[in-house]
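The structure under discussion appears below in the form of structure tokens.
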DNA sequence: GCCGAATATTTGTTGACACAATTAATGTTT
DNA sequence: AAACATTAATTGTGTCAACAAATATTCGGC
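Residue numbers (my numbering), protein chains in the order written: chain X, -13 to 152; chain P, -13 to 152.
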């Protein structure tokens, strides 16, 4: 019996091999992401907030179109998981002093979010623990296995392009 | 440049190969789970609610310890992703007529949740679309790739056993 | 049998999620 | 220039998530 099935105390098997793969993916993701969520939470951040700060740090260090900040609407597109309520998330980061809001000058509709020095400091503090956690969680995979892993993840996403069309 | 990096409009590379793997996992999971979330939502269910109903159906069909229902506290342990507020989720399912609550007789602290015939009917209705979506999303992987996929998922979870100790 | 500890679930509460509606600003057409 | 369409962000609102406290019941030691 596969580990997943035993872990879930599941009597019958899986309905299809694809379902088994999906559940394996979901289970693995749940376990790994829980570890990261705990780490971020210890520093007062949700995973989404952490990822947004990461994105904003990238732009602060490597300005785009002469800007070291990002429009709110563009932030969502830089994230792996969909964040539906960017405005309020930025609200919270602004309140925590980690992000500044800047009204655009060329287009007054646009609001730019820029990471503060406080936000940069928090990220710096988290850089090492995050790397360590990555090594802890997946460091036992060989380089060849990681390569395989990435290739399978990319392939698993491919048919999704057509599923995406509503 | 890897697809993931390009999709995220990410300028710099990844900090470590393990991080790249984790982000690939998270991105793939986000895409696939979004498709399933949409399907369940079309039938008035969240993914957690669907999974709970699946678990309860299993026990209804194959009773355990002479019981065709599960204690609330045990339901959480049968799920892939942690569900923190089982009580209220069961509340909602009871309200929707999909689950019944039964007070335990041997131990009055225990509350058993049992799927109703309405709940069974809803699941039956979803069985085929779910299988189809599985085939749609991962059906392009060969049998050998799925086998590899599962093996890597299991291996990725292994070191987690030690990470889990608080 | 009594009392304190442990257990199972529920309730209280705050914060986050997620979709729709609203507001302000810009772009396009007449 | 005015009217209409589109865009970007925000607000409104109900639902869900997540932790701590409360409540009821059972267990274990004396």
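Cβ atoms here follow ideal geometry from the backbone N, Cα and C, with glycine treated the same way.
Between residue 18 of chain X and residue 138 of chain P, the C-beta gap is not smaller than 9 Å, which leaves the two residues out of contact. Annotation for residue 99 of chain P: the continuous beta strand (DSSP E) segment containing it runs 97 to 101. The beta-carbon distance between residue 64 of chain P and residue -5 of chain X, rounded to whole angstroms, is 6 Å. This is short enough to meet the 8 Å contact definition. The Cβ atoms of residue 33 of chain P and residue 67 of chain P lie closer than 9 Å to each other. Counting along the chain, the unbroken beta strand (DSSP E) around residue 85 of chain X starts and ends at 85 to 89. For residue 110 of chain P, there are no C-beta contacts with chain X under 7 Å, since the nearest C-beta of that chain is about 13 Å from it.
In terms of Cβ geometry, residue 16 of chain P and residue 123 of chain P do not form a close pair [threshold 9 Å].
Per DSSP, reduced to three states, the secondary structure at residue 57 of chain X is strand. For a cut-off of 8 Å, the C-beta gap from residue 88 of chain P to residue 98 of chain P is around 4 Å, short enough to register as a contact. Scanning chain X for C-beta atoms nearer than 8 Å to the C-beta of residue 29 of chain P yields nothing, as the closest lies near 17 Å away.
Taking 9 Å as the cut-off, the Cβ atoms of residue 84 of chain X and residue 105 of chain X count as close. Under DSSP, residue 33 of chain X shares a beta bridge with no residue.
Identification of chain P residues near residue 91 of chain X by a Cβ-Cβ cut-off of 7 Å yields none; the smallest Cβ-Cβ distance measures about 23 Å.
Listed in chain order, the positions of the segment 66 to 93 of chain P with a beta carbon within less than 8 Å of a beta carbon of chain X are 66, 67 and 68. In this structure, residue -10 of chain P lies away from residue 51 of chain X, with their beta-carbon atoms at least 9 Å apart. Taking 8 Å as the upper bound for CB-CB distance, residue 125 of chain X and residue 4 of chain P are in contact here, some 6 Å apart. For chain P, the residues of the segment 121 to 136 of chain X that bring a beta carbon within less than 9 Å of one of its beta carbons are 121, 122, 123, 124, 125, 126, 127, 129, 131, 132, 133, 134, 135 and 136, in chain order. Here the alpha carbon of residue 129 of chain P sits roughly 12 Å from the alpha carbon of residue 6 of chain X. For the segment 5 to 25 of chain X, the beta-carbon criterion of a distance under 9 Å to any beta-carbon of chain P is satisfied by 5, 6, 7, 8, 9, 10, 11, 12, 13, 14, 15, 16, 17, 18, 19, 20, 21, 22 and 24. Judged by beta-carbon spacing, residue 140 of chain X lies beyond the 9 Å limit of residue 141 of chain P, meaning their Cβ atoms are not closer than that value. Listed as beta-bridge partners of residue 50 of chain P by DSSP are P:53. In the structure shown, the three-state DSSP call for residue 66 of chain X is coil. In this structure, the beta-carbon distance from residue 69 of chain P to residue 59 of chain P does not fall below 9 Å. For the segment 122 to 149 of chain X, there is no continuous beta strand (DSSP E) assignment of 3+ residues that stays within its boundaries. Residue 34 of chain P is outside the set of residues whose beta carbon lies under 9 Å from a beta carbon in chain X. Only 44 and 48 from the segment 42 to 61 of chain P bring a Cβ to less than 8 Å from some Cβ of chain X.
Only -12, -11, -10, -6, -5, -4, -3, -2 and 1 from the segment -13 to 1 of chain P bring a Cβ to less than 8 Å from some Cβ of chain X. For residue 99 of chain P, there are no neighbours in chain X by C-beta distance under 8 Å, as the nearest C-beta there is about 16 Å away.
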